[in-house]
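Student: Please read through the structure below; I'll follow up with questions.
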Amino acid sequence: METIINYFATIPSSHRSLILIGGITFFWLLESAFPLFQFNYKKWKHAGPNLFFTATTIVINFVLAFLLLKTSDWVSITNFGFINWLPKMPIWLYVVLGVLLLDFFGAYLAHLVEHKVKPLWMVHLVHHTDHEVDTTTGNRHHPIESVIRFIFTLIGVFLVGTPIYIIMLYQSMSVIFTQLTHANIKMPKKLDEIISYVLVSPDMHKVHHHNLLPYTDSNFGNIFSIWDRMFGTYMKLDREKIVYGVDTFPDAEKNSNLKELLKQPFAGYRKPTNIE
13 METIINYFAT
23 IPSSHRSLIL
33 IGGITFFWLL
43 ESAFPLFQFN
53 YKKWKHAGPN
63 LFFTATTIVI
73 NFVLAFLLLK
83 TSDWVSITNF
93 GFINWLPKMP
103 IWLYVVLGVL
113 LLDFFGAYLA
123 HLVEHKVKPL
133 WMVHLVHHTD
143 HEVDTTTGNR
153 HHPIESVIRF
163 IFTLIGVFLV
173 GTPIYIIMLY
183 QSMSVIFTQL
193 THANIKMPKK
203 LDEIISYVLV
213 SPDMHKVHHH
223 NLLPYTDSNF
233 GNIFSIWDRM
243 FGTYMKLDRE
253 KIVYGVDTFP
263 DAEKNSNLKE
273 LLKQPFAGYR
283 KPTNIE
């Protein structure tokens with residue numbers, strides 16, 4: 013455990029980039045070999061806008077990273093935050109709790125709020141209007157959303173009281189799970205179901221990308237499925253019935269055009285249709 017702590021406390025930027033690029037490459041190849049859906053699309057053309065948004069997310073997080081570092085230093089020095097107020101515990105449990113709670117604030121809560129607050133939904137819409145969800149979809153976030161997600165993560169660091177090594181571990185895990193759960197891979201159903209009891213599985217997250225309510229407003233988690241199960245936002249849907257996109261924004265051509273996607277948050281508010 014000490015080796016892991018020391019590594020993530022000083023993880024080089026090059027290693028973090030390798031996790032992102034290596035993950036995309038790995039799942040890109042895996043979904044080509046074991047596809048869940050046979051998309052009739054040009055893979056590189058589809059990836060273009062998604063990779064652009066991946067780049068903007070990297071830049072925004074890099075520019076704002078000093079805020080995470082300063083906040084993390086402060087909570088460590090002052091012993092502030094929820095996990096620092098708990099009785100002394102084994103270091104492994106301290107790390108697990110830190111990652112678990114950061115996943116709640118930085119992923120689950122942020123995601124839930126984006127679906128419930130109208131202006132934020134319109135920003136988040138860019139992520140949902142992909143009609144061919146694959147591993148590149150995972151980082152398809154409008155620059156405004158990247159800032160919103162960062163703010164929630166920063167609040168999480170402050171309230172939870174996480175040292176820098178837990179933050180880096182959480183972010184590394186978050187990247188991997190984002191790519192895994194969006195990858196167009198056909199995992200055995202039983203294995204997927206078993207995984208979903210603790211972690212967010214590919215099938216579990218893809219239900220969230222169904223084009224109709226109430227499925228669109230379910231399965232908000234990123235790493236751990238516990239939050240969806242605890243707060244009643246967990247839903248199941250047979251993978252064969254999933255239709256990607258948002259039914260109120262059905263124009264696939266517009267939804268794959270970078271210029272249109274950048275303007276999408278400012279379109280008129282339209283929530284997906286509810287299944288009768």
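In terms of this note's numbering, the sequence shown opens at residue 13 and continues consecutively.
We put the beta carbon where it would ideally sit given N, CA and C, even for glycine.
1. Let's test the definition: count the other Cβ atoms within 10 Å of the Cβ of Pro61 and tell me whether it reaches 16, buried, or not, exposed.
2. Using DSSP with H/G/I as helix, E/B as strand and the rest coil, what is His222?
3. Can you tell which of Ile287, Asn286 and Phe261 has the C-alpha that lies nearest to the C-alpha of Ile138?
4. DSSP three-state call for Ile197: helix, strand or coil?
5. Does DSSP classify Tyr256 as helix, strand or coil?
6. Shortest alpha-carbon distance to Asn73 belongs to which of Val135, Thr193 and Ser25?
7. Give me the DSSP bridge partner(s) of Asn286.
8. Using alpha carbons as the reference points, say which of Ile287, Thr285 and Phe278 lies closest to Val135.
9. Is the separation between the beta-carbon of Ala119 and that of Gly257 shorter than 8 Å?
10. Determine the direct distance from the alpha carbon of Gly168 to that of Thr174, and round the result to whole angstroms.
11. Using the C-alpha atoms, what's the distance from Phe20 back to Leu270?
12. Taking its Cβ as the centre, do 16 or more other Cβ atoms sit within 10 Å of Thr157, making it buried, or is it exposed?
13. Between the C-alpha atoms of Phe39 and Phe164, what's the straight-line distance to the nearest angstrom?
14. Around the C-beta of Lys54, are 16 or more other C-beta atoms found within 10 angstroms, so that it is buried, or is it exposed?
15. Which same chain residues, not among the five before or five after Ser197, have their C-beta less than 8 Å away from its C-beta?
16. Rounded to whole angstroms, what is the Cα-Cα separation between Val210 and Met180?
17. Please report the distance separating the alpha-carbon of Tyr227 from that of Val219.
18. Give me the Cβ distance between His194 and Asp146, rounded to the nearest whole Å; I'm assuming they're in contact under 8 Å.
19. Tell me, to the nearest whole angstrom, how far the beta carbon of Leu171 is from that of Gly93; I am working on the premise that it is less than 8 Å.
Tutor: Quick look at the numbers:
1. buried
2. strand
3. Here the sequence assigns Val to residue 138, which means Ile is not the residue at that position. It is Phe261.
4. strand
5. strand
6. Ser25
7. Leu225
8. Phe278
9. no
10. 8 Å
11. 35 Å
12. It is Glu, not Thr, that sits at residue 157 in the sequence shown. Under this definition Glu157 is a buried residue.
13. 27 Å
14. exposed
15. Strictly speaking, residue 197 in this sequence is Ile, with Ser absent from that position. Contacts found: Phe39, Leu42, Glu43, Phe46, Pro47, Leu48 and Pro214.
16. 21 Å
17. 6 Å
18. 7 Å
19. 6 Å
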